[in-house]
Amino acid sequence: MNPMQPSSLVARVIPPQIHLTLVAILLFAEIVYSSRLHMLFPYLNSQPLVLGLIFAISGIYAALTWIDGFASQIISFLIATSVVAGAVYNSEQVTNLPNKLSTAFQFAPLFTFGVFFALERVALAEATMRMVVISTTIYVCSYLIVVLLFMSELMPALYLRPILLTDVERGDRIFVYAGAAAFAWYYWFGRALQERTLWSMILATFCGVAILLTLSRLFISCVVLMTALFVLRFSTSAIRKIALMILGSSTLLYTFGFIDVSFNPFSAFSADSSGGARAIEYDLARHLLFNSPLLGIGVHQSSYELGFVTGNYFFASADLGPLGVWLDFGALGLCLFFAASYVSCQPIMSIPQRFGWPLFLTGSMLTAYGCIAPNLFSQGGALYFAMIFGFSAARTGTK
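Heads up: the sequence shown begins at 995 in this note's numbering, then just goes up one per residue.
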């Protein structure tokens, strides 16, 4: 079946130029949000605008693909919406703190899978991936410049305070959009290996240095691991198994603490400020899950608000990998997270491999990194899960 056939409502209603314009807007808005750049301009009320754009574009494509006869997409969209909205509602019931439905919009990148499903159906997946390369490359190069200016004290910390992360050992460092940085690195590293052009080697170097300057130890380790597996020519099946094994092993480790309450997987790293904070968060999360194992405690507007409930001034469930997903979305959300992790290690055969390999390695890296940062459901990588899921579903043609 020709994906551009006239019977396709998505192809008839939206010309290719409009598709690509919407994709450009979506990618720009998503990078602004997921990199936390919107936080630099709080007085512009930029977050609702950015998230509204992402959600509106996702909703348009979900509706069009449903009218086209692909009910599976609208069902997936409704399931995701119900789980997130349910978590927002549950937070009020469990904590007795007011919450807003707009809290659910922070997960807007997660709902974009319908966009990529439609783009694959109208044969625009390759053009979309070119735009992803451009947007992520611009982001990583900009990130590198800002980090170097900050490190050389040419850019005051005052201007960057909303996107600064601080701990005792590493000092101030700038938050990085993990998924975008990893994708740009894998793309340009692959180009440098294959083409050996000066341009590709320069951009690969820029991306590699930017990732090292994040000072995020586990993120760097996961990126390096997937890079090594790629260089050593491991099969996609082997890489997938390794990524899932890392996630599965960490999950078993977290769950053991529910059998032996004296066990805390982060206690070995408590001398480190980051490890010590996670050790405290683990104990608190375990206590909360004992009280509400099926539903968790829901999603809150910020980590500071949840701190009022836990007694810890800052409580980030996203520090606890799958355990954090369980805490936020309950048992159903945890099952969906594991399903999303499995999907994210899926190689995409319908796009050229110069894009397919970077996307596959990014998904596998995010799966492995999910052992401590569930970015497949959050700012750090939800778009890449949505991309892989959308392209894969379109390739199977599931109604």
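The beta-carbon is built from N, C-alpha and C at its ideal position, and this holds for glycine as well.
(request) Within 10 angstroms of the Cβ of I1342, are there 16 or more other Cβ atoms? Answer buried if so, exposed if not. (result) Translated into positions along the sequence shown, residue 1342 becomes position 348. Buried: at least 16 other Cβ atoms inside 10 Å.
(request) State the start and end residues of the unbroken beta strand (DSSP E) segment that holds R1348. (result) Your numbering for residue 1348 matches position 354 in the sequence shown. Counting along the chain, R1348 falls outside any beta strand (DSSP E), though it belongs to the alpha helix (DSSP H) covering Q1347 to Y1363.
(request) With distances taken Cα to Cα, identify the nearest neighbour of I1048 among F1099, L1091 and K1094. (result) By 1-based counting over the sequence shown, the position of residue 1048 is 54. Measuring from the Cα of I1048, the nearest candidate turns out to be F1099.
(message) Is it buried or exposed, R1124, if we count other Cβ atoms within 10 angstroms and call 16 or more buried?
(response) Along the sequence shown, read from residue 1 onward, the residue named residue 1124 stands at position 130. So R1124 ends up on the exposed side.
(request) Indicate the three-state DSSP secondary structure (helix, strand or coil) for D1254 in the structure shown. (result) Here residue 1254 is taken as the residue at index 260 of the sequence shown, counted from 1. D1254 falls in the coil class under three-state DSSP.
(message) In whole angstroms, give me the CA-to-CA distance for L1360 and S1052.
(response) Within the sequence shown, the letter at position 366 stands for residue 1360. Within the sequence shown, the letter at position 58 stands for residue 1052. Going from the Cα of L1360 to the Cα of S1052 covers about 22 Å.
(request) Taking R1124 as part of the alpha helix (DSSP H), name the residues at either end of that continuous run. (result) Here the question's residue 1124 lines up with position 130 in the sequence shown. Segment A1119 to M1145, the alpha helix (DSSP H) holding R1124.
(request) Please report how far the alpha carbon of P1414 lies from the alpha carbon of P1150, in whole angstroms. (result) Missing from the structure shown is residue 1414; the chain here goes from 995 to 1393 and no further.
(message) From the DSSP secondary-structure annotation, give me the bridge partner or partners of I1168.
(response) Counting from 1 along the sequence shown, the entry for residue 1168 is found at position 174. According to DSSP, which records beta bridges pairwise, I1168 is partnered with L1158.
(request) Within its chain, find whatever has a CB closer than 6 Å to the CB of I1366; leave out the 5 residues flanking it on each side and keep chain order. (result) Residue 1366 sits at position 372 when you count from the first residue of the sequence shown. Here the set comprises L1212 and G1315.
(request) Output yes if chain B places a C-beta closer than 8 Å to the C-beta of L1187; else output no. (result) Among the chains of the structure shown, chain B does not appear; only one protein chain is present.
(request) Identify, in the order they occur along the chain, each residue of the same chain with its Cβ nearer than 7 Å to the Cβ of G1375, setting aside the five sequence neighbours on each side. (result) Residue 1375 sits at position 381 when you count from the first residue of the sequence shown. Cβ neighbours of G1375 beyond the five flanking positions: A1172, G1173, L1360 and N1369.
(request) Tell me whether I1025 is buried or exposed, calling it buried when 16 or more other Cβ atoms sit within 10 Å of its Cβ. (result) Counting from 1 along the sequence shown, the entry for residue 1025 is found at position 31. Classification for I1025: buried.
(request) State the DSSP-derived secondary structure class of L1278, mapped to helix, strand or coil. (result) The residue given as residue 1278 occupies position 284 in the sequence shown. If DSSP states are grouped into helix, strand and coil, L1278 belongs with the helices.
(request) To the nearest angstrom, report how far apart A1265 and A1273 are at their CA atoms. (result) The count along the sequence shown starts at 1 and reaches residue 1265 at position 271. The count along the sequence shown starts at 1 and reaches residue 1273 at position 279. Their backbone Cα atoms lie some 10 Å apart in a straight line.
(request) State the DSSP-derived secondary structure class of T1199, mapped to helix, strand or coil. (result) Reading the sequence shown from its first residue, position 205 is the one you call residue 1199. Helix, per DSSP.
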